[in-house]
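Just below is one structure, and these are the notes that go with it.
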Amino acid sequence: MEPALLNEVPSLDLADFTSGDARRKQQFVKDLGAAFTNIGFVAIKNHGLSDDLRNALYESVQEFFSQPDDVKKKYEFPELFGQRGYIGKGKETAKGFKVADLKEFYHVGQPAPVGQMPSNIFPEEFPDFKKHTLEVYHTFENAGKTLLRAIAIYLDLPEDYFEDKVRNGDSLLRALHYFPIPNPELVPEGAVRAAAHGDINLITLLMGASAEGLEVLRRDGEWIAITALPDQIVVNVGDMLDRLTNHKLKSTIHRVVNPPREKMGTSRYSIPFFMHPRADMDLTSLESCVTPENPKLYVNMTAGEFLDERLRELGLKK
353 MEPALLNEVP SLDLADFTSG DARRKQQFVK DLGAAFTNIG FVAIKNHGLS DDLRNALYES
413 VQEFFSQPDD VKKKYEFPEL FGQRGYIGKG KETAKGFKVA DLKEFYHVGQ PAPVGQMPSN
473 IFPEEFPDFK KHTLEVYHTF ENAGKTLLRA IAIYLDLPED YFEDKVRNGD SLLRALHYFP
533 IPNPELVPEG AVRAAAHGDI NLITLLMGAS AEGLEVLRRD GEWIAITALP DQIVVNVGDM
593 LDRLTNHKLK STIHRVVNPP REKMGTSRYS IPFFMHPRAD MDLTSLESCV TPENPKLYVN
653 MTAGEFLDER LRELGLKK
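Using our numbering, read the sequence shown as starting at 353 and increasing by one per residue.
Rendered as structure tokens:
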């Protein structure tokens, strides 16, 4: 029997998992698994991110994006394929779409890079930007590792299954600016702030955005608006975890719609953390997730090979 269609994402408390109470921990695992097999999204509180740090980061991000383009472009390096630094307007197009998203963004990656990972690039004029992005990066990385422990238990894997795979992983903190559109009539047909897409990574952790607009595609084809309370973050399954679990845990299509015409002249800021493993992680579907009723959907691939494929589809890599 199909699980019920949800009108909102389930809310869970990460403190239940870390409480030391075996019953609360088991219930959290069960509820997280149910949410990720049903709608692929969940709202989480007690994630470690303080209001003060969130507000400080948003202030730093707004300060950077309010600068003239010539200042921002100093930190744009096309040879990094959008993996570090500034990525300008019109550079990313969702898979299957021909019109670029109405956004610009800045990527902060692994502070302790290994292998072929590039080093971070920070805007030297704004030292607080570096300070706050790195602090949030570490906070979200820790919360993500805790959530992956719960996911491992749900999948009947050792609790530390993901630990060595995400240690010094290629995760990205993305500071997003959906810029104002003073002349909506000049926007290319079909252009939206973020066209319908699935995330590439294992899981995404998203702090509350500065405005509404995030929508998730339900199984029945209905789009539902996602809003988190101020003390929550939104967490969703990415395509890598979907592949690993043979679509048992679902990477759900989502989008950021344009605001009403009268609000097109306003900015929207959003800061997701894309939790990636290291490039050498094998994404071959787990044998336990492949059954006669649920045959294998995906070809075998490493995380690095999958990321390379998706960057080309997004237009960030030629």
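Note that CB positions come from ideal geometry on N, CA and C, so glycine has one too.
- Message: Just to check my reading of the structure: Lys377 and Asp365 have Cβ atoms closer than 8 Å, yes? What is that Cβ distance to the nearest angstrom?
- Response: Along the sequence shown, one-based indexing puts residue 377 at 25. Along the sequence shown, one-based indexing puts residue 365 at 13. Lys377 to Asp365, Cβ: 11 Å. No contact.
- Task: Identify the continuous alpha helix (DSSP H) that holds Met592 and give its terminal residues.
- Result: Position 240 of the sequence shown, counted from the start, is the residue given in the question as residue 592. Met592 -> alpha helix (DSSP H) spans 591-596.
- Hey, how far is the Cα of Asp383 from the Cα of Phe429? Within the sequence shown, residue 383 is the residue found at index 31, counting from 1. Within the sequence shown, residue 429 is the residue found at index 77, counting from 1. For Asp383 and Phe429, the distance between alpha carbons rounds to 42 Å.
- From what residue to what residue does the alpha helix (DSSP H) around Ala356 run? In the sequence shown, the residue the question calls residue 356 occupies position 4. No alpha helix (DSSP H) contains Ala356, which DSSP labels as neither H nor E.
- Query: Tell me the DSSP bridge mates of Gly437?
  - Reply: Position 85 of the sequence shown, counted from the start, is the residue given in the question as residue 437. His459.
- Return the first residue and the last residue of the beta strand (DSSP E) that Arg607 is part of. In the sequence shown, counting from the first residue as 1, residue 607 sits at position 255. Segment 606-608, the beta strand (DSSP E) holding Arg607.
- Compute the Euclidean distance between the alpha carbons of Ala577 and Asn646, then round it to the nearest angstrom. Stepping through the sequence shown from its first residue, residue 577 is reached at position 225. Stepping through the sequence shown from its first residue, residue 646 is reached at position 294. About 30 Å.
- Task: Taking all protein chains shown into account, decide if Ala356 is buried (16 or more other Cβ within 10 angstroms of its Cβ) or exposed.
- Result: Counting from 1 along the sequence shown, the entry for residue 356 is found at position 4. Exposed, because fewer than 16 other Cβ atoms sit within 10 Å of the Cβ of Ala356.
- Flag this pair as touching only if the segment 379-396 and the segment 581-589 have three or more C-beta atom pairs under 8 Å; answer yes or no. yes
- Query: When you compare only the Cα positions, how much space is there between His628 and Thr636?
  - Reply: Taking the sequence shown and counting its residues from 1, the one referred to as residue 628 is at position 276. Taking the sequence shown and counting its residues from 1, the one referred to as residue 636 is at position 284. Their backbone Cα atoms lie some 16 Å apart in a straight line.
- CA-CA distance, Met633 and Leu668? By one-based count along the sequence shown, residue 633 stands at place 281. By one-based count along the sequence shown, residue 668 stands at place 316. Cα to Cα, Met633 sits roughly 22 Å from Leu668.
- Task: Have a look at Ile623, Gln419, Gly573, Leu557 and flag the residue whose alpha-carbon is nearest the alpha-carbon of Lys497.
- Result: By 1-based counting over the sequence shown, the position of residue 497 is 145. Nearest of Ile623, Gln419, Gly573, Leu557 to Lys497, Cα basis: Leu557.
- Is it the case that the Cβ atoms of Ala408 and Ala580 are separated by a distance below 7 Å? To locate residue 408, count along the sequence shown from 1; it is residue 56. To locate residue 580, count along the sequence shown from 1; it is residue 228. No, the Cβ-Cβ distance between Ala408 and Ala580 is not below 7 Å.
- Determine the burial state of Ile536: buried for a count of at least 16 other Cβ atoms within 10 Å of its Cβ, exposed for fewer. Looking up residue 536 in the sequence shown gives position 184. The question names Ile, but residue 536 is Pro in the sequence shown. By the neighbour-count rule (16 or more Cβ atoms within 10 Å), Pro536 is not buried but exposed.
- Message: Restricting to Cα atoms, I'd like to know which of Lys441, Val642, Phe626, Leu663 is closest to Leu461.
- Response: Translated into positions along the sequence shown, residue 461 becomes position 109. Strictly speaking, residue 461 in this sequence is Gly, with Leu absent from that position. Among Lys441, Val642, Phe626, Leu663, the Cα nearest to that of Gly461 is on Phe626.
- What number of angstroms, rounded off, separates the C-alpha of Thr370 from the C-alpha of Arg519? One-based indexing of the sequence shown puts residue 370 at position 18. One-based indexing of the sequence shown puts residue 519 at position 167. Near 20 Å, if we compare the C-alpha coordinates of Arg519 and Thr370.
- Spell out whether any CB of chain C is found under 7 Å from the CB atom of Gly667. Absent from the structure is chain C; it holds one protein chain and no more.
- Task: Ignore the nearest five residues each way along the sequence and tell me which others in Thr643's own chain have a CB closer than 7 Å to its CB.
- Result: Here residue 643 corresponds to residue number 291 of the sequence shown, with the count starting at 1. Around Thr643: no qualifying Cβ.
- Message: My output table needs one value for Asp404: the three-state DSSP class, helix, strand or coil.
- Response: Mapped onto the sequence shown, residue 404 falls at position 52. Asp404: helix per DSSP, three-state reduction.
- Query: Going along the chain, which residues of its own chain have a beta-carbon closer than 8 Å to the beta-carbon of Leu638, five neighbours each way excluded?
  - Reply: In the sequence shown, counting from the first residue as 1, residue 638 sits at position 286. Answer for Leu638: Leu507, Leu509, Leu596, Thr597, Asn598, listed in chain order.
- Proximity of Glu567 and Arg526 at Cβ, strictly below 7 Å: Along the sequence shown, read from residue 1 onward, the residue named residue 567 stands at position 215. Along the sequence shown, read from residue 1 onward, the residue named residue 526 stands at position 174. Not in contact: Glu567 and Arg526 (Cβ atoms no closer than 7 Å).
- Item | Coil, strand or helix - His346 by DSSP | Because the chain in this structure spans residues 353 to 670, residue 346 falls outside the shown range and cannot be described.
- Query: Between Lys455 and Ala546, which are expected to be in contact by the criterion C-beta below 8 Å, what is the C-beta distance as a whole number of angstroms?
  - Reply: Residue 455 sits at position 103 when you count from the first residue of the sequence shown. Residue 546 sits at position 194 when you count from the first residue of the sequence shown. Yes, Lys455 and Ala546 are in contact; Cβ-Cβ is about 6 Å, under 8 Å.
- Message: Does Val612 pass the burial test, meaning 16 or more other C-beta atoms within 10 Å, or should it be called exposed?
- Response: Along the sequence shown, one-based indexing puts residue 612 at 260. Strictly speaking, residue 612 in this sequence is Pro, with Val absent from that position. Label assigned to Pro612: exposed.
- Residues near Gly551 in its chain [Cβ-Cβ closer than 7 Å; skip 5 each side]: Position 199 of the sequence shown, counted from the start, is the residue given in the question as residue 551. Residue identity check: residue 551 is Asp in the sequence provided, not Gly. Correct list, in chain order: Asn588, Gly590, Asp591, Ser603, Phe626.
- Task: Enumerate in chain order the residues of its own chain whose CB-to-CB distance from Pro465 is below 7 Å, with the five nearest sequence positions on each side excluded.
- Result: On the sequence shown, residue 465 is found 113 positions in, with the first residue counted as 1. Correct list, in chain order: Ser471.
- Query: Quick one: is Ser671 buried, meaning 16 or more other Cβ sit within 10 Å of its Cβ, or exposed?
  - Reply: For the chain, the structure presents residues 353 to 670; residue 671 sits outside this window and is missing.
- Item | Own chain, CB closer than 6 Å to Asp480, minus 5 neighbours either side, in chain order | Position 128 of the sequence shown, counted from the first residue, corresponds to residue 480. Around Asp480: Ser412.
- Item | Residues that DSSP places opposite Ala546 in a beta bridge | Walking along the sequence shown from the start, residue 546 turns up at place 194. DSSP lists Val608 as partners of Ala546.
- Task: Pick helix, strand or coil for Gln378, following the three-state DSSP scheme.
- Result: Taking the sequence shown and counting its residues from 1, one reaches residue 378 at position 26. Correct three-state label for Gln378: helix.
- Item | Pair within 7 Å by beta-carbon distance, Leu593 and Leu554 | Reading the sequence shown from its first residue, position 241 is the one you call residue 593. Reading the sequence shown from its first residue, position 202 is the one you call residue 554. Their beta carbons are under 7 Å apart, which means Leu593 touches Leu554 by this criterion.
- Report the residue from Leu663, Ala631, Ser640, Cys641 whose alpha carbon sits nearest the alpha carbon of Met653. What you label residue 653 is simply residue 301 of the sequence shown in a count that begins at 1. Closest option to Met653, Cα to Cα, is Ala631.
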